[in-house]
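Chains C and F are the protein sequences, given in the same order.
At position 187 of the first sequence the residue is numbered 189 (my numbering), and the sequence of numbers has no breaks.
At position 175 of the second sequence the residue is numbered 163 (my numbering), and the sequence of numbers has no breaks.
Built from N, CA and C at the ideal position, the CB exists for glycine as well.
As the structure is a computational prediction, the values presented were derived from the model and not from experiment.
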Amino acid sequence: MAPTVIDARNLEFLLYEQFGVESLTEHAPFTDHSRETFDLALATAHKLGREVLWPPFREMDQEPPVLIDGRVRVHPSIRALLRECGQGGWINADVPVAHGGLQIPRTVMTAFRAILAAANYSTSVFPALTAGAAHLLASFGAEELGALYLPKMYAGEWQGTMALTEPQAGSSLSDIRTRATPTTEGHYLIHGQKIFISAARHDQAENGVNLLLARIDGAPAGVKGISLFVVPDRRPTDSGLVDNDVTCTSVYHKVGYRGAPITQLSLGDAGDCRGWLVGQPHSGLRYMFQMMNEARIEVGLGATAIASAAYHAALDYARHRPQGRPITSKDPAQAQVPIIEHADVKRMLLFQRAVVEGSLSLVLQCTHYSDLAQTLQGDARERCELLLDLLTPAAKSYPAEQAILAVSQGLQCLGGYGYCADFALEQYYRDVRIHTIHEGTTGIQALDLLGRKVVRDGGKAMFLFLDEVGTSISEARGVAGLGAHAAQLQAALDRLTAVTQHLTGLALEGKIDLFLADATLYLEVFGTVAVAWQWLRQAMTAERGLERDPSEADARFYRSKLSAFRFFFAYELPKVEGPAARLLDSDGLTLKTEEELFA
Amino acid sequence: MKILVALKRVADPANHNKVKIPAAGDKIDTAGLEWQINPFDLYALETALRLTEDGKAPKTRLGEVVAVTLGPAETETNLRSALATGADRAIRVDTTDDALDGRLVAAALQKLVEEEKPDLVLMGKQVVDGENNYVGQALAELLDWPMATFAATIKEEAGGLLVGREVDGGVSTLRVKFPAVVTVDLRIVAPDSVRSSKTAEGFKYPYEEVRFAPLPAIMQAKKKPLAVKKLADLVGGATLSSKYVKFEAPPARKAGVKVKDVQELVQKLATEAKAI
Ligand SMILES: Cc1cc2nc3c(=O)[nH]c(=O)nc-3n(C[C@H](O)[C@H](O)[C@H](O)COP(=O)(O)OP(=O)(O)OC[C@H]3O[C@@H](n4cnc5c(N)ncnc54)[C@H](O)[C@@H]3O)c2cc1C
Ligand SMILES: Cc1cc2nc3c(=O)[nH]c(=O)nc-3n(C[C@H](O)[C@H](O)[C@H](O)COP(=O)(O)OP(=O)(O)OC[C@H]3O[C@@H](n4cnc5c(N)ncnc54)[C@H](O)[C@@H]3O)c2cc1C
Chain C
3 MAPTVIDARN
13 LEFLLYEQFG
23 VESLTEHAPF
33 TDHSRETFDL
43 ALATAHKLGR
53 EVLWPPFREM
63 DQEPPVLIDG
73 RVRVHPSIRA
83 LLRECGQGGW
93 INADVPVAHG
103 GLQIPRTVMT
113 AFRAILAAAN
123 YSTSVFPALT
133 AGAAHLLASF
143 GAEELGALYL
153 PKMYAGEWQG
163 TMALTEPQAG
173 SSLSDIRTRA
183 TPTTEGHYLI
193 HGQKIFISAA
203 RHDQAENGVN
213 LLLARIDGAP
223 AGVKGISLFV
233 VPDRRPTDSG
243 LVDNDVTCTS
253 VYHKVGYRGA
263 PITQLSLGDA
273 GDCRGWLVGQ
283 PHSGLRYMFQ
293 MMNEARIEVG
303 LGATAIASAA
313 YHAALDYARH
323 RPQGRPITSK
333 DPAQAQVPII
343 EHADVKRMLL
353 FQRAVVEGSL
363 SLVLQCTHYS
373 DLAQTLQGDA
383 RERCELLLDL
393 LTPAAKSYPA
403 EQAILAVSQG
413 LQCLGGYGYC
423 ADFALEQYYR
433 DVRIHTIHEG
443 TTGIQALDLL
453 GRKVVRDGGK
463 AMFLFLDEVG
473 TSISEARGVA
483 GLGAHAAQLQ
493 AALDRLTAVT
503 QHLTGLALEG
513 KIDLFLADAT
523 LYLEVFGTVA
533 VAWQWLRQAM
543 TAERGLERDP
553 SEADARFYRS
563 KLSAFRFFFA
573 YELPKVEGPA
583 ARLLDSDGLT
593 LKTEEELFA
Chain F
-11 MKILVALKRV
-1 ADPANHNKVK
9 IPAAGDKIDT
19 AGLEWQINPF
29 DLYALETALR
39 LTEDGKAPKT
49 RLGEVVAVTL
59 GPAETETNLR
69 SALATGADRA
79 IRVDTTDDAL
89 DGRLVAAALQ
99 KLVEEEKPDL
109 VLMGKQVVDG
119 ENNYVGQALA
129 ELLDWPMATF
139 AATIKEEAGG
149 LLVGREVDGG
159 VSTLRVKFPA
169 VVTVDLRIVA
179 PDSVRSSKTA
189 EGFKYPYEEV
199 RFAPLPAIMQ
209 AKKKPLAVKK
219 LADLVGGATL
229 SSKYVKFEAP
239 PARKAGVKVK
249 DVQELVQKLA
259 TEAKAI
């Protein structure tokens, strides 16, 4: 039987009690939905997780995809998931009705995806990739172009992919070289190489639809010369699907997350790879960033989901493994106690919860801003959009970085067995490692946060963030038992403000290299403060729950929520001090370390 | 074809370690348990949907499926989920679990069947809580309808069904004429276990569980009709005919012992376990 991989009660807590997603249904465009729809959606996700995603979880790791006769052989359960997601309407569930979707709030769909990702992250990315690619095409492509591809993608029959990366253009997408040569027949001829392309050319979908970045011949250099194309593996014609000269030349061997292949693609080897322009020429990177911002939040979610599954596995082990005796009574005649009774093991388990539930809350805060923006107009809408934009790098990177540590602690709870394939922890440990890399490395997220989002428009988004957190702090001051925590968060927020002022001061002095040298540390401080804010919000929600005369089970849930909250404030929030002190110093140590000093 | 499917909610079997029996032993404490539809009843629902469609075009409904449950207001969640999965209408008979026994359930269903006049009544072969294996048979008796229990395969024929039943010695095949009562077993949800008259011979469903509810159907489920009836209006003054005397938890498992050789094992199996 499938084990618990995610806490269903916690998802309900966040969705309904904390973010109040039910109230979204009072406003266009969400009025067709209701709590009942949301509950049934989540129930479907739990069932898919148990029945389709979990069973082959280990097998997909042990027998990773292979390239056979030009197609990548992936696990057959992927077809089952794509079919269920297609027939169930889950691929286009959060797409606006105008684009053929059902406009379920993104926050609910994010919870849906969290459940799938916790059951088996590798399988869960296939429909998510199709959804991302289809959304891009629906948003920016001409209607006739969309009509050719979208129905098949929404039905889960054709796999969508994102083809950006090239050997010389990973973090630096402005260096993309793949060429697109116009023809008189409306399409372009594509020539080039792509690497690391997820889920391309696999054998459990009828066709692949690659949303690809390339440079039209004669286009300006850099980011302003990149265009977006639809490049199918097989192109639809009047006489059916015709091979489109997209060749998979290899599949990479990865550390983990092995059920989902990343491929090397060669385009136009035979001079007949056709691509169709999406939207305007030279606007490709801008379009791609819409999708990428959504994908970044999903990466944060994926990291959280894996850490959640690892936590539940570690918890189960800790409850059942007798080892050692209480530090105060070492009588060998006494039976050994379950390791969950040792303070150090409790610390490891609490750390995992602090990361998982804090990260999940931050991710859902982002999607909730996105949903709220849809229901609002004018300044109120802009406020939500700016906050979403600012928080996105943190919602990607805090979970991605911290989940690695959390799963490591989960593995540690199992002692020697944590390191062996008898338990799932070693796989979670390998699987979770990806998230600091794809969709932009942590280093790139940090540059995006500090170099762009914090300083843009005179720091407008940052002021809104300080205001949001400040509002929560004021509220918490009025809640019995939370006053000290409110003060602690205020102090951390002041520290973040001081660091931000110091760094932007460097930028104003023109010392751009110094300003950004430790951007990753800045992201760490910012992310920790943002998650502390989410924990304070959760604590307030739990306290409100306790006041409502809850059932015994609910009361236990709220108390356990508050204990993880107190852990975060006691053990995690103080960690901002080290990097904050470092950021205020700015002696340029890394900049000054010449290359030859790396002995 | 019109099919009535009876569904009972049961405590999630995965909750087994949360089940508590108060010291008095007079009942089971259900606080904190999570509820779901009895798995065999879900298989009955899947069977009903397969019998009212062409397997290759399941979105077009070719019959009517009415989902029925007896229970408190919370069980409407289970009915909504059946509606989202594909049932057309639902009926809840308002009562509480401890006010029911198999006979009352069968009697209430009899009245509903007389009102609804379905061609077929489907339900699970038993519920996974009480495991009485009673209501289907009792209902058929009250209605004086033909019945087939433990169905593992069902093929629709003119005016009736050909039912493959799982029995100890293998499979026994029965031909029942409509109207009939059929209770289903686990294997009924295998890819080719159920064939309606519209589904092509040789067709296989691409899954072997209960189908997933699609989002558009989930959104429509709240608009589908759900009628509520009073138990007393169906069974009059009839009361419980069986009573639970006492509940006891099964004895905790004892620690195992190590045997030194096969001989000792055989001896223990014979004398202590009396297994051979
Ligand atoms: C499992 C997996 C799935 C992927 N899926 C896809 C996909 O579907 N489609 C797709 O197009 N791509 C995909 N990628 C590619 C992924 O987006 C890139 O690997 C990622 O953007 C990093 O690029 P790179 O590998 O070239 O690393 P590099 O850019 O070479 O980076 C190496 C290191 O240098 C640092 N660095 C680079 N530039 C800077 C800078 N300017 N300032 C500071 N530090 C810098 C980085 O932070 C990193 O630590 C996938 C990769 C993986 C591993
Ligand atoms: C690769 C590898 C090589 C090994 N090689 C050898 C070898 O050559 N010879 C050999 O004899 N053994 C070997 N071992 C065993 C290794 O020493 C043990 O795995 C290790 O000591 C931990 O014991 P355990 O696995 O039983 O974990 P456990 O003792 O069950 O520990 C599980 C968790 O509980 C915690 N815990 C346990 N007791 C307490 C306590 N009293 N207070 C607080 N926390 C506690 C632990 O810190 C750990 O996090 C090897 C193990 C591995 C993985």
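For this session: Just mark Pro395(C) as buried or exposed, buried being the case when its beta carbon has 16 or more other beta carbons within 10 Å.
Result: buried
For this session: Can you tell me which of Leu362(C), Trp92(C), Met464(C) puts its alpha carbon nearest to the alpha carbon of Thr46(C)?
Result: Trp92(C)
Problem set entry | Inter-stretch contact (C-beta, 8 Å, three-pair minimum) for the stretch 95 to 102 of chain C and the stretch 178 to 190 of chain C | no
Exercise. Is Val257(C) closer than 8 Å to Arg432(C) when the C-beta atoms are compared?
Worked result: yes
Problem set entry | Residue nearest to Lys594(C) in terms of C-alpha spacing, selected from Gly580(C), Ala316(C), Leu516(C), Arg558(C) | Leu516(C)
Problem set entry | Contact list for His35(C) against chain F, beta-carbon separation under 8 Å | Met207
Exercise. What whole-angstrom Cβ distance do Val182(F) and Thr40(F) have, given they're in contact under 8 Å?
Worked result: Val182(F) to Thr40(F), Cβ: 10 Å. No contact.
Exercise. Can we count Gly445(C) as close to ligand 1, meaning its CB is less than 7 Å from some heavy atom?
Worked result: yes
For this session: Let me know the alpha helix (DSSP H) ranges lying completely inside the stretch -5 to 78 of chain F, each 4 residues or longer, listed in chain order.
Result: 27 to 39, 64 to 73
Exercise. Any chance the CB of Thr125(C) is under 7 Å from a heavy atom of ligand 1?
Worked result: no
Problem set entry | Chain-ordered chain F contacts of Gln376(C) [CB-CB under 8 Å] | Within 8 Å Cβ-Cβ: nothing; Gln376(C) doesn't reach chain F, min ~17 Å.
Exercise. How close, in whole Å, do the beta carbons of Leu88(F) and Leu214(F) come, if the pair is a contact with beta carbons under 8 Å?
Worked result: So it is not a contact: roughly 20 Å between Cβ atoms.
For this session: Step through the CB atoms of chain F and report whether any lies within less than 8 Å of the CB of Ala541(C).
Result: no
For this session: Check the Cβ of Leu50(C) against every Cβ in chain F and list those closer than 9 Å, keeping chain order.
Result: Phe200
Exercise. Alpha carbon to alpha carbon, how far is Glu38(C) from Cys87(C)?
Worked result: 19 Å
Exercise. Nearest to Lys154(C) by alpha carbon, out of Arg236(C), Ile117(C), Ser200(C)?
Worked result: Arg236(C)
For this session: Establish whether the CB of Arg91(F) and some CB of chain C are separated by less than 8 Å.
Result: no
Exercise. Which value, in whole angstroms, describes the spacing of the CA atoms of Ala(-1)(F) and Thr84(F)?
Worked result: 14 Å
Problem set entry | His344(C) CB to nearest heavy atom of ligand 2 below 7 Å | yes
For this session: Would you give the residue range spanned by the alpha helix (DSSP H) that Pro401(C) belongs to?
Result: 380 to 415
For this session: Kindly say whether Gln336(C), judged by its beta-carbon, lies nearer than 8 Å to any beta-carbon of chain A.
Result: Here chain A cannot be found, since the structure's protein chains are C and F.
Problem set entry | Spatial distance of Asp245(C) from Val578(C) (CA atoms) | 54 Å
Exercise. When the cut-off is 8 Å and only beta carbons count, does Thr39(C) lie next to chain F?
Worked result: yes
Problem set entry | chain F contact residues for Thr46(C), given Cβ-Cβ distances below 7 Å | Phe200, Ala201
Exercise. Just to check, is the beta-carbon of Ile406(C) closer than 7 Å to a non-hydrogen atom of ligand 1?
Worked result: no
For this session: Determine the chain C residues that contact Lys210(F) at a beta-carbon separation under 8 Å, and present them in chain order.
Result: Ser36, Glu38, Thr39
Exercise. Just by C-beta distance, which residues in the stretch 37 to 71 of chain F are closer than 7 Å to chain C?
Worked result: Arg68, Ser69
Exercise. Quick one: is the Cβ of Phe198(C) within less than 7 Å of any heavy atom of ligand 1?
Worked result: yes
For this session: Kindly list, in the order they appear in chain C, the residues whose Cβ is closer than 8 Å to that of Ala2(F).
Result: Met3
For this session: Using a Cβ cut-off of 8 Å (strictly closer), state whether Gly157(F) contacts chain C.
Result: no
For this session: State buried or exposed for Lys196(C), treating a residue as buried only when at least 16 other CB atoms are found within 10 Å of its CB.
Result: buried
Exercise. Within the present structure, is the beta-carbon of Arg323(C) separated from the nearest heavy atom of ligand 2 by less than 7 Å?
Worked result: yes
For this session: For the beta strand (DSSP E) holding Glu144(F), just list the boundary residues, first then last.
Result: 135 to 145
Exercise. Would you report the Cα separation of Ala541(C) and Leu564(C), rounded to the nearest angstrom?
Worked result: 6 Å
For this session: Express the C-alpha separation of Val501(C) and Ala493(C) in angstroms, rounding to a whole number.
Result: 12 Å
Problem set entry | Contact set between Glu197(F) and chain C, taken where Cβ atoms lie within less than 7 Å | Glu53
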